[in-house]
Structure formats: C-alpha cells, structure tokens
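There are 2 protein chains.
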Amino acid sequence: MEARRTSRPVIVGSVPIGGLAPVAVQSMTNTDTRDAAATLAQIARLADAGCEIVRVAIPHADALDAFAGICAASALPVVADIHFDHRLAIEAARGGAAKLRINPGNIGSTEKVDAVIDAAGEAGIPVRIGVNAGSLSERVRDLDLPLPDKLVASAVEFCEHFESRGFSEIVVSAKASSVSSTVAAYRMLAERVPYPLHIGVTEAGTSLSGTVKSSVGLGILLAEGIGDTVRVSLTADPVDEVLVAWEILAALDIRRRGPELISCPTCGRCEVDLIPIAEEVERRLRAVGSPLKVAVMGCVVNGPGEAREADIGVAAGKGVGIIFAKGQPVRKVPEAQIVDALMEEIAALGT
Amino acid sequence: MEARRTSRPVIVGSVPIGGLAPVAVQSMTNTDTRDAAATLAQIARLADAGCEIVRVAIPHADALDAFAGICAASALPVVADIHFDHRLAIEAARGGAAKLRINPGNIGSTEKVDAVIDAAGEAGIPVRIGVNAGSLSERVRDLDLPLPDKLVASAVEFCEHFESRGFSEIVVSAKASSVSSTVAAYRMLAERVPYPLHIGVTEAGTSLSGTVKSSVGLGILLAEGIGDTVRVSLTADPVDEVLVAWEILAALDIRRRGPELISCPTCGRCEVDLIPIAEEVERRLRAVGSPLKVAVMGCVVNGPGEAREADIGVAAGKGVGIIFAKGQPVRKVPEAQIVDALMEEIAALGT
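Sequence lines, in order, name chains A and B. Residues in the first sequence are numbered consecutively from 135, following my numbering. Residues in the second sequence are numbered consecutively from 135, following my numbering.
Structural data, given as structure tokens:
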C-alpha cells in the first residue's frame, strides 16, 4: 500500500476532508427533498450505518425551503447537489449547506459560476467540482482526447477558474461508469491538483455489479494513497452504499468500524452448516463497536490456524465447535451453541 | 492497467491457465463429495453461471469412488483438493482428476510429496502448490518474517523441490485472509516464479465483506497484470463466487460474460421507481449472451449522456422513459413499459 497523497484539507461542517483526516464516508439521499421528514429519517439511518457526510439533491426551487430545514435538523453535514441552475446553489449556500457540489459541464456561463463562488465564499463553505462522464460540457465532449483526459481537463479548467477568483476551498471528483477510465482520471488528477479528491465510480449498477465495480475502482485508488472521501454509487438503498464503503476501507486496513469477520467458503470438508452460523455472527457483530478479529471456520485444514490468529474464533467439525480466545482453545460446544458461545467470549473480552 | 505478466501455461482438462490464455474462473463445491449426484448437480449449476474449472475436496478415502465418478461425468475439469494424506492425492490422480491441489504446509515428508509428484507426472496433470496463511507448516510459521514473506518462502521452496524432480506443470497460490498480505505475497510471487498464479483472498467472509475483499484484492492484482485464474471465496452459495469473479473481470475489461448494466444510484432528482426497474433489467439481461452496454438512468443530469453512450439505454423522468438505441432516442414509453421496451430494442439489435 502506498503512502497517502498529500492534499490541502477543507472542512465540511465538522468533518475534515483531505490532509491527514480519515477518509470520510459519504452517501446521498434518494428521498424527495421536498419531503423534509422522509429525508431526515433517511439521513438518520445513513448516520447509524456510519455515513459521515450526506448529499441532498436540489432539483428545483421548491425544494429550497425543505433543504434549509434539513440542514438545520440533520446530524450530518449536508452537501447541496446542484445542476443547471446557479441560483439554486446560491440559495443553498445561504440556506445552511455545509458544502456545494456543482458540475462544470452544466452550470452555464462564467458569470453564473462566479456568482456561486462568491456565495460559497460568503457562507464560508467549500465547493466540490464534480465532473461526470455523463454530463461533460459539449465543448469538452467534442475534444479529441480519451475520456479520462477529458474528465481531468474539465476539472482542472474549473479549478483554475476558482483559483483566479481567490477561492481554494475545493474538493474535486471526476467519475466515469468505467472503472479503468475512473482510475486513470483520478491518477492524473492526483498529480494535477493540490485539492482533496472525492472518489467514486458513477452509475456503477445494482448491488452486485455496483459493489464489485466500486470495490475494484476505489480499492485500486485507495491502495495508491489516492482518495480523501468516498462515495459508493449503487442502484439500491443508500444505506448499502455506506456498508460497502466501510468494507472497502476495512479491506485495505485504512479504517475499520467494528469487528472483522474471517469465515471460510465451506467445501466438501465442512461438517457443520456454516453459512447460517457465519451470517448470524455477522449480524450480531454489528452491535459490537471494537475492531476485533473474529474467525468462523468449518474444518481442520485452515480452521485452527485462522481461529488461533483471531481474537475470538471457532474451528467447527463433526457437529461441534472449538472456541478459541486470544490464540487458546477455551471451550468445546455443540453446533447449535456456537454462535452464543462466540458472543459470550466476545463479551468476556470486555470490549 | 498494466500488461499481463508472462507465465508458463498449463492445461487443466481442456482449459489452459497462464500464458496468453483468458483468466479462468473457478470455484469449489461445498456438497459432500461422497454424494456424487449432489456434487454433479452443483457442478452443473456452477458451469451454467460461467465456472470453467471446479475444485472438489477429498477429505477421506471414502470419497474416492464418488470422486472418480464425478470426474467422469463432470462437464468441467475437476481439481482434487487434498490435505494431510498424500495417498488421497495419488488415488485422485489415478481416478481422473484434471489437476491436484496440495498444500506444502500439511502434506508430510519429502517422500510423500515425491510420491504425489510422480503420480501427477504419470497421469499427465498439473499440480497447484496452494499455500494458505491458515495452514503454514510449523517451521515456516515460526520464521521471523512478515506473513507475505512466509507465504512466498513456503511456495518457492516447494516449487524448487518440484523442479528438482523434473516436474514443472505447476500453478501457484499464496492466500491470506488479509487483502494487503495477499496482494503483497502475490506481487513477490509474480517476480519469483515463472508459473501461472491462482489468485484469491482466502476466508474472505460472507457475501458482503467477501465480495468487497475479493474485489479489492483481486482487482489490485489483476490491474497489475497478475493472476491467471481466479477463485472468489465466499461463505455463501458457490454460484455467487462465480458471479462475483465475472463481475471483477468485467470491471477491469479483462473478460465479459454478457451485457454491462450502467445504472444510476437514484437521488432526490429521480422521478421513477428506478431500483426495481434496474433489478428487473439485470435479471432479464442474464439471458443475453452478447457484451452489450445497457444504461438505466433516472434523471436528466447524467441520463441522456450515459444512455447515448450505451448500446441501448433509457433516460427516465416524470413517469416516462426515453429509450436510446445506438446513441439516438427511438421511443418514449410510460414507466410501466420501460423494461419491456428496453428488452425489445435489445432483441431488435439481433445480437
């Protein structure tokens, strides 16, 4: 794993992005923003799942009143997501947004962009320059360049314009639905701009393909030290985006929220019904906050080895489970008691 | 993406691994091997899902008869997975295995290993030297080295022993349950041995964490050109392992089995109920064999851009969907007809 890229941090509400700050997890509501109660309820679920920054779309002016109420009541910093109409961005900045996200491809004239920059400056909030392959300006789209170069050209051009107005509270993103284009674009951006990078694969698809594409793309970038805040895009409940984002960070030992579960794939050697045991342990571990390593293993090949390396583990076989704690076998229990016994030993650790 | 590492190919049944061969997808049965009918039924399901090589455990001698029958009837080449008892490996080679997988940490004395090598040589089949962090030999486990170095030392030592017997039909793996240890081990192995590499993160966990860990770990390696055959380990139905493996290969444009679905995460801007539409399209696309790009988008921000770039796409809004084919809008349909209309346009492409 490579060292983290250095960047100039910004603050979104109370959450820093960039510099030495932990890589922040974010998501986006998919409720109707005009329905403040539904949107706040979804924000509360996202916060419970570990979301740290939430983005909310403001498609039309009739969402602005609700947006201000959402910002006032939200436990998480709220980012206003604006397209096409710069006046919405200005009103969102005045209404309590902790950050604005605009897209250089579709916000209109330089004068309109400048008005947004000035509004963000007055409100003292950062702006994400959020370039997206699906919404490049016509001028950039027609350049004779590969897609990653177009994304970066668009982002850099906008950064330079912000700097020319004396504004540098910037976060940058440049997303494509192709993993390789996304990775290539962020590698270039990491060299070209000093700002924190918001990373994500856009329109990544449903739970299965979206989880895989996001894990591959963000995994490659994060392993290279690139990325200061992550958004996983799934055509699914946004809570799932947060769970996947945390799993990606945990997979690379960047951040961990709660225990790690090691469990074997089961094979013809497995003598207990391991899949439901592992799933039940996973479910109960969600209530445990500490970063324990828990192993649930179904046979004698790798079972004792993994169970011994974990904080708590079980190596199961022939209808019984041997529970290991801190490397030592401590109990032997029948299959039906494995989950309870594991959880008791975890509780006994006092974590 | 880096160029593929060169390696000396081997043939497993009819499937080449290494060299210029496509990265092969494999999985492992979790039925009781003694139940040949159940194991063959699972192999058929795995083959339907795109599995190209299947591994079967032989825990005890009483599985050998069934194993020979499975090899004879299987549509996929069958790899015999053997631990502890070298006689099982010898009998499996004679019984029709297309490859043996043994583990240097637990097969016993040099004489026993030599007997396995000779049996593989006589049967004309390759052997995978499958090192696993959970089952290192005591001698290697006690070396004062980081885990990845231990894994590689164990694998290289075994390769050299095979070579000293004149046997080089070798595939190598060195798996850990930690993504970073796995990646580090394979990067070293790629430099140290000329053989094809079987890559995987072992004991990766349940569907969610296992999918993410495998996608991150295998994604990093494959993007560096490392990996000739992949096994995703999930504590779940092995068919899911195959689906995830294909999604990883597709995410990096290495191989694709059927269409790619681009779909947006939905947000407060979405005016149709997109999640079930995307899921239904994903389900129906499984019957389409060609590598089409299909976009299912919920609003006017990135929708028309992505739909235009896809072979077939829909940009939905306000209860209707505009269907795009080859970059041009071709139909406008009510929300309830979006899926049918998309599938009709796909059929009309004649692919």
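Where a beta carbon is used, it is the ideal one built from N, C-alpha and C, also for glycine.
Within chain B, the residues whose beta carbon sits less than 7 Å from that of Cys398 of chain A are Glu337 and Thr369, listed in sequence order. In this structure, Glu469 of chain B lies near Val406 of chain B, with their beta-carbon atoms less than 8 Å apart. Note that the C-beta distance between Val188 of chain B and Thr163 of chain B is below 8 Å. Listed as beta-bridge partners of Arg189 of chain A by DSSP are A:Met162 and A:Val213. At least one CB atom of chain B sits nearer than 8 Å to the CB of Ser311 of chain A. Fully enclosed beta strand (DSSP E) runs of no fewer than 3 residues occupy 261–266 and 304–309 of the stretch 257–330 of chain B, in order along the chain.
Residues of chain A whose Cβ lies closer than 9 Å to the Cβ of Met162 of chain B are, in chain order, Pro399, Thr400, Cys401 and Gly402. Buried is the label assigned to Arg403 of chain A, since at least 16 other Cβ atoms lie within 10 Å of its Cβ.
Scanning the stretch 374–439 of chain B for uninterrupted beta strand (DSSP E) segments of 3 residues or longer gives 394–397 and 427–431, listed from N- to C-terminal end. Residues of the stretch 269–287 of chain A with a C-beta atom less than 9 Å from some C-beta of chain B are Ser269, Leu270 and Arg275, listed in chain order.
What Asp166 of chain A touches in chain B, judged by beta-carbon distance under 7 Å, is Gly402, going in chain order. Contact between the stretch 262–272 of chain B and the stretch 231–242 of chain B is present: 3 or more CB-CB pairs across the two stretches fall below 8 Å.
By the criterion of a C-beta distance shorter than 8 Å, Ser288 of chain B is surrounded in its chain by Pro238, Gly239, Val265, Leu270, Ser271, Val274 and Ala308, once the five residues flanking it on both sides are discounted.
At a cut-off of 8 Å between beta-carbon atoms, Glu381 of chain B makes contact with chain A. Asp362 of chain A has its alpha-carbon roughly 5 Å from the corresponding atom of Val157 of chain A. The three-state reading of DSSP puts Thr363 of chain A in strand, counting E and B together. In the DSSP assignment, Arg465 of chain A falls within the unbroken beta strand (DSSP E) covering Gln462 to Pro468.
Per DSSP, the beta bridge partners of Phe458 of chain B are B:Gly447 and B:Pro463. Nearest CB-CB separation between Leu476 of chain B and chain A: not below the 8 Å threshold. Out of A:Gln462, A:Gly447, A:Ile192 and A:Ala318, the CA that lies nearest to the CA of Met477 of chain A is found in A:Gly447. Within chain A, the residues placing a beta-carbon under 7 Å from that of Gly353 of chain B are Ser349, Val350, Gly353 and Ile354, ordered along the chain. At a cut-off of 8 Å between C-beta atoms, Pro193 of chain B counts as an interface residue with respect to chain A. Within the same chain, and ignoring the five residues on either side of Ala231 of chain B in sequence, the residues whose Cβ sits closer than 8 Å to its Cβ are Phe201, Cys205, Val212, Val213, Ala214, Ala257 and Ile259. Annotation for Ala318 of chain B: Pro282 place their beta carbon closer than 6 Å to its own, counting only its chain and skipping 5 residues before and after. The contact set of Val346 of chain A on chain B, defined by CB atoms closer than 7 Å, consists of Thr345, Ser349, Val378, Glu381, Ile382 and Ala385 in chain order. Of the candidates B:Leu180, B:Leu222 and B:Gly152, the residue whose Cα lies closest to the Cα of Ser208 of chain B is B:Leu180.
Beta-bridge partners assigned by DSSP to Ile333 of chain B: B:Val364. Of all C-beta pairs linking the stretch 408–422 of chain B to the stretch 335–344 of chain A, three or more are shorter than 8 Å, placing the two stretches in contact. Using a CB distance cut-off of 8 Å, Ala412 of chain A counts as an interface residue toward chain B. Residue range Lys233 to Ile236 is occupied by the beta strand (DSSP E) that includes Arg235 of chain A. At a C-beta separation below 7 Å, Leu408 of chain A has these neighbours in chain B: Thr369. Here DSSP, grouped into helix, strand and coil, assigns Val346 of chain B to helix. Under the three-state reduction of DSSP, Ile151 of chain B is assigned to strand.
Contact residues of the stretch 209–221 of chain B toward chain A are Asp215, His217 and Phe218 (C-beta to C-beta distance below 9 Å). Taken in chain order, the members of the stretch 314–335 of chain A whose beta-carbon sits within less than 8 Å of a beta-carbon on chain B are Ser314 and Val317. Look at Val250 of chain A: its C-beta is not under 8 Å from any C-beta on chain B.
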